[in-house]
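K.L.:
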Amino acid sequence: MKAIGYRTPQPIDSAEALESFDLAQPQPGPHDVLVRVAAVAVNPVDSKIRRNVTPEEGGPRILGWDAAGDVVAVGEQVTLFQPGDRVWYAGDLNRPGSNAEYQRVDERLVGRMPETLTYAEAAAMPLTTITAWELLFDRLGLARRAAGSERALTADSPCLLVVGAGGGVGSILVQLARQLTGARVIATASRAETRDWLLTLGADHVINHHDDLADQLAGLGLDNVSHVASLNGTEQHLAALVEVLRPQGRFGLIDDPQTLDVMALKRKSISLHWEFMFTRSMFATDDRIEQHRLLTEVASLVDQGILRTTMGQHLGGLSVANLRRAHELQESGQVRGKLVLDGF
Numbered sequence: 090m091k092a093i094g095y096r097t098p099q100p101i102d103s104a105e106a107l108e109s110f111d112l113a114q115p116q117p118g119p120h121d122v123l124v125r126v127a128a129v130a131v132n133p134v135d136s137k138i139r140r141n142v143t144p145e146e147g148g149p150r151i152l153g154w155d156a157a158g159d160v161v162a163v164g165e166q167v168t169l170f171q172p173g174d175r176v177w178y179a180g181d182l183n184r185p186g187s188n189a190e191y192q193r194v195d196e197r198l199v200g201r202m203p204e205t206l207t208y209a210e211a212a213a214m215p216l217t218t219i220t221a222w223e224l225l226f227d228r229l230g231l232a233r234r235a236a237g238s239e240r241a242l243t244a245d246s247p248c249l250l251v252v253g254a255g256g257g258v259g260s261i262l263v264q265l266a267r268q269l270t271g272a273r274v275i276a277t278a279s280r281a282e283t284r285d286w287l288l289t290l291g292a293d294h295v296i297n298h299h300d301d302l303a304d305q306l307a308g309l310g311l312d313n314v315s316h317v318a319s320l321n322g323t324e325q326h327l328a329a330l331v332e333v334l335r336p337q338g339r340f341g342l343i344d345d346p347q348t349l350d351v352m353a354l355k356r357k358s359i360s361l362h363w364e365f366m367f368t369r370s371m372f373a374t375d376d377r378i379e380q381h382r383l384l385t386e387v388a389s390l391v392d393q394g395i396l397r398t399t400m401g402q403h404l405g406g407l408s409v410a411n412l413r414r415a416h417e418l419q420e421s422g423q424v425r426g427k428l429v430l431d432g433f
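Following this note's numbering, the numbering of the sequence shown begins with 90 at its first residue and continues without gaps.
#1: Looking at C-beta atoms only, is the number of pairs between the stretch 417–431 and the stretch 110–119 that lie closer than 8 angstroms three or more?
#2: Which same chain residues end up closer than 6 angstroms to D344 when comparing Cβ atoms and leaving out the 5 residues on each side of it in sequence?
#3: Here's the rule I'm using: 16 or more other beta-carbon atoms within 10 Å means buried, otherwise exposed. How should V142 be labelled?
#4: Exposed or buried, what is Q192 when buried is set at 16 or more other beta-carbons lying within 10 Å of its beta-carbon?
#5: Determine the extent of the beta strand (DSSP E) in which A249 is found, giving its start and end residues.
#6: Our contact map puts G291 next to V314 with C-beta atoms below 8 angstroms; I'd like the distance itself, whole angstroms only.
#7: Who are the Cβ neighbours of D181 in its own chain at under 6 angstroms, not counting the five residues just before and after it?
#8: If you run the structure through DSSP and keep just helix, strand and coil, what is D392?
#9: Roughly how many whole angstroms lie between the Cα atoms of H298 and L112?
#10: DSSP three-state label for A92, please.
#11: What does the alpha-carbon distance come out to for the pair Q268 and G310?
#12: Output yes or no for whether 8 angstroms exceeds the beta carbon distance between V124 and V160.
#13: Have a look at D155 and K427 and give me their C-alpha separation to the nearest angstrom.
#14: Are the stretch 273–281 and the stretch 244–261 touching, with three or more C-beta to C-beta distances below 8 angstroms?
#15: So, I151 versus G200, is the Cβ gap smaller than 8 angstroms?
Here's what the structure looks like:
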């Protein structure tokens, strides 16, 4: 089968950063589905691994942890899917990725994709949706509200500040928070087009993370926020975020700051929560089927028109040239929504 990956960690401008390979088609294990990949998305994790992780001896590293496609075979113990099912998933860092014609995935990490989306529109969502869902509900502990029920904001409502909300995770997190919680949603963005994007996704307010956060919140009539979801720039914004978090607030993050002075949280008894959506698959946790369940629920919410795809830019079919372009854009830090490619 065709696949794209690398043999040695390289910057994206290197000719060897991404290469085409012809590999044996994988075979499903007992709990696996074998998927013919129809579309993929590119995430920051793709670039991080390509730049920093040396593949195991004897083979290339195949990237890609967002896909939609068709089940073509199943393992002997699979109960959730059968050949012909259309599925979406983010997969497992311990296995070869989705930048290939076929991929083997544990069924407990896979959901049926929304019927109302194309493969490309669906591929934009799994990794960021799992990240956002786990951050909101498993880490920050925001209470669920029934989808479609009226949201009634009061002075006692939770107030969620989403920092760097214009990217892939923020684009779905803002929707989930608006549609499934009772929180007031305040997003941050620095560009006018991103601000408009976030307002269409359901943010109550959008402020600029380059300006004084406390002053901007005061301008909205708010003294503080109860929850922070910091999606990038945590190290840069930490002091300002601690300032605007109320005592006993909750601070969640997903990025990789070089340093993080947690002592700054002590005076206010702020709790710290780090989200990494690959934890369940990486450690084969007993509850990894929760990712199947949440993807299945989100598919239903998409088909009901409650959530929308976060596809930002479609870059054509899966080729070395197109994938290189996607990595370049991802590393620019200026991506709105998700970068998506069709399969081979």
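Each residue gets a CB set at the ideal place from its N, CA and C atoms; glycine is no exception.
P.N.:
Walking through what the data contain:
#1: no
#2: N321, T323
#3: exposed
#4: buried
#5: This sequence places Leu at residue 249; Ala is not what is there. First-last of the beta strand (DSSP E) with L249: 248–252.
#6: Not really, about 17 angstroms apart at Cβ, beyond 8 angstroms.
#7: S370
#8: helix
#9: 45 angstroms
#10: strand
#11: 23 angstroms
#12: yes
#13: 10 angstroms
#14: yes
#15: no
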